[in-house]
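These protein sequences, in sequence, are chains A and B.
Heads up: the first sequence begins at 165 in the working numbering, then just goes up one per residue.
Heads up: the second sequence begins at 368 in the working numbering, then just goes up one per residue.
Everything below concerns the one structure shown next.
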Amino acid sequence: MFKFPDGLYTDVRIENVYQSKVAVTSGDLDETKVRSYRGAFVRVFDGERWYYSSISDVDNIQQEIDQLASFARPTTSIKDHPVVSRLQIHQNEALKFKNDSVSDISIEEKRRMLEGYSGIMDLEPLISSWKSVYLDKRVIKEIYSSKGTQLRFDSQYTWLQILFNFAAGEDKFMEIYARGSDVFSGITDKGAEISDHINRSVEFMHNAQPLKPGRYTVVLSPAVAGVFAHESFGHKSEADFMIGDERMKQEWQIGKKVGFESLSIIDDGNIAGVGYTPYDDEGTRAEKTYLIRDGKIAGRLHSGRTAASLDEEITGNARAVNFEYEPIVRMTTTYIAPGNMTKEELFAGVKEGIYLDTYMHGSGLSTFTIAPNMAYYIKDGKLAEPVHVSVVTGNVLETLGDIDGISDTLELYSVAEGCGKKEQRPLPVGFGGPYIRVRNMNVR
Amino acid sequence: MLKEKSYIRNKELSINVEQTKIDSLRRKTISKTGLRIYRNGLIGTAGTIGNYDEQVLEEQALAALHNRIPYPYELTKDLSISERYTSCIISEQSLPAEVEELLELVQREQPGFIFSNRVNLIEQETGLSNNAGLDLYEYDRYVELNLLFKETTSVNIYDGAVYFKGRQYDNELILKMINQICDAYKNKHDLPREGRYPVIFETGQLAIPLRKVITGLHGETFGSNSSPLSDRRGQQIFSDRFTLYQASTSADIGTPFFDAEGVVNEGYCYTLIEEGRIITPYTNKKFSQKFDLPLTGAATAEYDGVPTLGWPNLRIRESEKTVKELLGGRVGIYVIIASGGDFTHTGDFSTPVQLALFFDGERFVGRLPELNISSNIFRMCGEDFIGVSKDSPSELSLEKCLLIDMNVSKI
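Below you can see the structure in the form of structure tokens.
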């Protein structure tokens, strides 16, 4: 198909994209849109340096290969290079959504689905404005490499998001309901959930108390636990941060104890949902990777380049946000494995604490953060009045050690407008967990 | 039938740095074209990435009229403006060698640090025209340097960052900026006491301390009584030193001087808050008309989408004072990285500051431990607002410094 230059490793990723969108603001239809396009990303490696090109003119891929090759220095041993030798060869077609494609559902049906939820918002007089958005995307990727890979596979997401503004005199409150899936049916029939979310939001707005800032035992809902897993440890497990860094390698040694003995955090690109990544953007098959197993570091996430640098195996985590970017190490679906306490037992152990129910955003450096939206006091093991919290922070390693309870039921969430890393955002990711109890968190 | 065409052409050379060395080079050549058809108060849109046939786009946009998306607003017409923000910036061919030389110098002068991330040379053309005489065009070419650094002994993903966006590339000035920050980083300071300090943000970071104002001035939120600022139009609620513009001047790199509906403001600015008094929220044509508000030209649109109200670039009016003068003899806490904080619904603000440096107005003095800063939006833009400097934090940057008195404590 392409003429790959001698003495260099080359791969080409072509993305065939279908997307659609419906948006409604306070009952007015803003937009219905269907978009289809193709784009390509070309990589050339000479053993020393990578040369990339992103182009929207897919008829000129060969020309781009040749031009990038002209910058590189060919070497006869390129196939033996530790990065190149690790890259897998697959010749396969894996179109999971061939018969369940969002492109086969008419935009009219998507519009009917979204507008069908509008009546729920109209029933609540305290909603002063709202905006609902439906998004979907199916990408069929083709990967061709100079090692012989010829792959064609797909991934897909659907996303429903409703932003509510509530107003009662001086009281204003904003909350978001969002659900993601890999199929259209995953975001239909959500009326009861949306109504419940609205009712809880109204109750929160009326009754939320100012916070007394300080250190609290905090119980995280499964969604917030997912953000915590993603931000607190998931990003630290992305091995590109360790390349050539002896101090980091020492700190994050496999087998090192970092948390509560029942704590396990897993990343798995095989799980259905928006994090589903059957092959990554280097053509590597998805793996289930334990990042923490029974409280100890068990693995990390790799691209070919990082695996070679740390002399470990590739894990299928080289992902690009779209055809404009090179694959870098990213999570897929990352979650905390369930423990053995019931949710009730978890709460019963808290005399005075905070329950984080919903979140706005999270971040993860040495200090991770979660900005919750709806939070509640816990008093004598029971949920008490709602409370305004700006941000919950903690040192990653200390906080992992401060986990002292994990409930027994896993909930997974799909976030289509998900993760950002450096310049690449938003990448669809899955995350979740059970309810998690953490001592001594800084709540502001 | 009215027909409107928009396009974005983006060319970029991106140099990825790992371990203080060039790891990869990425070229990007992307063009996105959109076509809108307006008929009988409706809008139909179509677009494509890459090469296109205008006839096909027009047919698709015509077909999209069947979606019956209302657009009963008058199009901008009979306006032709072209802006070219060119400068003697570095060429694409010589950038890799220059960056390589920079990294060698950095390695030599800051051997205790590892640098990573990107240096981008970006060339962007944006255009909007219609058959009612509208023809707007902007060309820009600029450098964006965003280098993350960490101490070789650190277990963090990164410890700090050096950033600028500008139309000048000069290794000497970049090295000076890196040395100033890294030298200060090496000089550990404790926070002398917990309490109120002047906290300094670069104006490119307005979304951290002003997020509540930015979201509160959204025309739809404001007009529908959903904003805490909704009932305050015309009222003086902030300091009389606080004037806020919607801005798309040449200094606002990456923000074209026109919005997605072709609205062009005089001087490429629109005043939203004048000396503490709310003049208007920012609006597009829809919410200007719906809520009887001034039109500020804050529409955005995907290349193939319907114009909608976006998040415009905002600027606070600069004072006549330098940072040093604004500090008035005090030492300020200069925020390099503050990630993850937010406001409560009642306007209270709190954020961790992962990296802050003491700054005396002219130089960075030393590194502080991780901090928490907090306040309330009405105090931050009111009695505790100190001002925006007339000088920039570096000779390469077009940003200024925003100073606010805030509560500071150790995490």
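Cβ coordinates follow ideal geometry from the N, Cα and C atoms, glycine included.
Find out if the Cβ-Cβ distance for the pair T623/B, T493/B is shorter than 8 Å. The residue you asked about is not Thr; residue 623/B is Pro in the sequence shown. Yes, Cβ-Cβ distance for P623/B and T493/B is below 8 Å.
Pull the bridge partners of P719/B from the DSSP assignment, please. N739/B
S617/B, enclosing beta strand (DSSP E) - first and last residue: Element bounds for S617/B: n/a, residue is neither H nor E.
Going by C-alpha to C-alpha distance, which of G582/A, L232/A, N559/A sits closest to V391/A? G582/A
Is the number of C-beta pairs between the stretch 286–293 of chain A and the stretch 423–439 of chain A that are closer than 8 Å three or more? no
What does DSSP give as the partner residue(s) for T189/A in the beta ladder? D192/A, K295/A
Helix, strand or coil, according to DSSP, for K372/B in the structure here? strand
From this set, L564/A, S385/A, M406/A, which residue's C-alpha is nearest E518/B's C-alpha? M406/A
K395/B lies in the alpha helix (DSSP H); which residues open and close that run? Looking at the DSSP string, K395/B is not in any alpha helix (DSSP H); the run it does join, the beta strand (DSSP E), is 388–406.
Find out if the Cβ-Cβ distance for the pair V186/A, T196/A is shorter than 8 Å. yes
Looking only at C-alpha atoms, which of E306/A, A236/A, P374/A sits nearest to F716/B? P374/A
Name, in chain order, the residues that DSSP records as bridge partners for G629/B. Partner(s): none; G629/B has no beta bridge.
Could you tell me whether the Cβ of D409/A comes closer than 8 Å to any Cβ of chain B? yes
What are the residues that DSSP puts in a beta bridge with K452/A? D432/A
Looking only at its chain, what residues have a beta carbon closer than 6 Å to the beta carbon of S571/A, apart from the 5 residues adjacent to it on each side? M505, K507, L510, P598, Y599
Quick one: list the residues of chain B neighbouring I418/A, beta-carbon separation under 7 Å, in chain order. By Cβ distance, chain B contributes nothing, its closest Cβ being about 15 Å from I418/A, past 7 Å.
Given that Y201/A touches chain B, what residues does it touch there, using C-beta distances under 8 Å? T415, I416, G417
Short of 8 Å Cβ to Cβ, which residues in the stretch 395–406 of chain B face chain A? K395, T396, I397, S398, K399
How about L324/A and K354/A: are their beta carbons less than 8 Å apart? yes
Assuming the contact rule is C-beta atoms closer than 8 Å, N418/B and K395/B should be a hit. Round their C-beta distance to whole Å, please. That pair is no contact at about 16 Å.
Where does the unbroken beta strand (DSSP E) through M524/A begin, and where does it stop? 523–528
Assign F531/B to one of three DSSP states: helix, strand, or coil. strand
Taking only beta-carbon positions, decide if V522/B is within less than 8 Å of chain A. yes
Complete beta strand (DSSP E) runs within the stretch 651–721 of chain B (minimum length 3 residues, chain order): 681–683, 699–704, 715–720
Exposed or buried, which one is M495/A when buried takes at least 16 other CB atoms within 10 Å? buried
Do I456/B and R534/B have their C-beta atoms within less than 8 Å of each other? yes
Which residues in the same chain as L591/A place their Cβ atom closer than 7 Å to its Cβ, once the five residues preceding and following it in sequence are excluded? R483, V485, R494, G582, C583
Which chain A residues are close to L462/B, counting only those with a beta carbon under 7 Å from its beta carbon? None at all; the shortest Cβ gap to chain A is about 13 Å.
Straight-line Cα distance separating I304/A from T448/A: 16 Å
Against chain B, which members of the stretch 210–225 of chain A pass a CB distance test of less than 8 Å? R213, W214, Y215, Y216, S217, S218, I219, S220, D221, V222, D223
Sort D409/A, R275/A, S309/A, K274/A by Cα distance to S483/B and report the nearest one. D409/A
State the beta-bridge partners of W416/A as determined by DSSP. Beta-bridge pairing links W416/A to no other residue.
Alpha carbon of V602/A to alpha carbon of Y308/A, nearest angstrom: 46 Å
Comparing alpha-carbon positions, which option in T470/A, D521/A, G398/A, F168/A lies nearest V553/A? D521/A
Among all the DSSP beta bridges, which residues are the ones paired with G378/A? V607/A
Only counting the same chain, and skipping five residues up and downstream in sequence, which positions put a Cβ closer than 8 Å to that of S365/A? F328, F330, F337, E339, M538
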